[in-house]
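These notes concern the structure reproduced below.
Residue numbers (UniProt numbering): 1 to 171.
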């Protein structure tokens, strides 16, 4: 897999603007990763299809919830397209703490019919690049052990398992 093109938004945007798109070529297929900028019907439909493949306990986000994510300065909602159809997404959250800027990758999902075509790798590479652009010193993510292919991908990309406990407090 190779990065074919990388472009920052240039029109009417400051030089520190976010990534507009990344084009990946893999096995003759082009994966385009872009930052979602509008919560339209296409995006809502895509999340209605993708989220059930990620979580059986959480409903897909509404159009208003997607708009909130897109408009937040602390999150970037990346979408991946194959043949102009949305086939995957990833959310990057960045925040400053006393020890530096941190980044978390959350809710990575690739449509089952599009797995194995470099979509997950392209999404993660875009997130890593954006996290670096935002000054993050680390990028964190969690992945269930049962997601063997995803865990292999993360390790191949350079993520290292940490010796830590993950706790959840349900509100």
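For glycine and all other residues, C-beta sits at the position ideal for the given N, C-alpha and C.
Task: Entirely enclosed beta strand (DSSP E) segments - the UniProt domain "N-acetyltransferase" (36-171), minimum 3 residues - done: 75-82, 85-97, 100-110 and 136-140
TODO: Thinking residue 150 and residue 120 are a contact (beta carbons under 8 Å), I'd like their distance in whole angstroms, please.
DONE: 7 Å
Task: Buried/exposed call for residue 105, threshold 16 Cβ in 10 Å - done: Counting Cβ neighbours within 10 Å, residue 105 comes out buried, since at least 16 surround it.
Task: Buried versus exposed call for residue 2 [16 or more other C-beta atoms within 10 Å across all chains shown] - done: Bear in mind that the predicted position of residue 2 carries a pLDDT of just 38, short of 50, making it too unreliable to give a figure here.
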